[in-house]
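For reference, the structure is listed below as structure tokens.
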Amino acid sequence: MTRTDLSEVYRAYIACLNGQDWTRLGQFVDNEVSHNGRRFGLSGYRAMLEKDFEAIPDLHFNVQLLVSDPPYIASRLEFDCTPKGTFLGLPVNGKKVSFCENVFYEFRGEKIAQVWSVIDKAAIEAQL
Numbered sequence: 001m002t003r004t005d006l007s008e009v010y011r012a013y014i015a016c017l018n019g020q021d022w023t024r025l026g027q028f029v030d031n032e033v034s035h036n037g038r039r040f041g042l043s044g045y046r047a048m049l050e051k052d053f054e055a056i057p058d059l060h061f062n063v064q065l066l067v068s069d070p071p072y073i074a075s076r077l078e079f080d081c082t083p084k085g086t087f088l089g090l091p092v093n094g095k096k097v098s099f100c101e102n103v104f105y106e107f108r109g110e111k112i113a114q115v116w117s118v119i120d121k122a123a124i125e126a127q128l
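Its first residue numbered 1, the sequence shown is counted upward by one per residue in UniProt numbering.
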């Protein structure tokens with residue numbers, strides 16, 4: 001897959017997340033997907049995302065930076081959202097916070113097989 005093709009697939013995946021179109025998630029995510037070294041599988045990955053949207057009703061993934069080097073994507077995602085309660089162990093409780101997540105993805109074909117993610121928790125702590 002070319003860099004452009006992989007970038008387009010990734011942006012379609014982000015649109016799927018933002019639209020909470022869970023029926024299409026398997027189009028982008030492998031059945032045996034791993035997240036930060038833990039095998040979640042597609043159903044576990046979907047459950048994680050659904051839980052995120054439940055905890056953060058206004059969650060929206062904004063791609064700030066995207067680098068494609070097939071079969072890898074590196075992305076810096078920007079968030080400006082309002083978690084309902086505790087988030088990452090922090091008592092956010094409905095306060096609007098802004099933070100970024102740095103994520104690396106490994107694709108197998110056109111599907112995400114591995115995800116490595118780090119959220120800038122210090123940015124959230126500084127806002128509380």
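C-beta: ideal position from N, C-alpha, C; glycine also.
Check: Alpha-carbon spacing of Asn36 relative to Phe28, whole angstroms; Outcome: 18 Å
Check: Val33 versus Pro91 - alpha carbon distance; Outcome: 30 Å
Check: Distance between Asp58 and Asp80 (C-alpha atoms, nearest Å); Outcome: 9 Å
Check: Enclosing beta strand (DSSP E) for Val9 [first to last residue]; Outcome: Here Val9 belongs to no beta strand (DSSP E); instead the alpha helix (DSSP H) covers 3–18.
Check: Bridge partners - Trp116, DSSP secondary structure assignment; Outcome: Phe104
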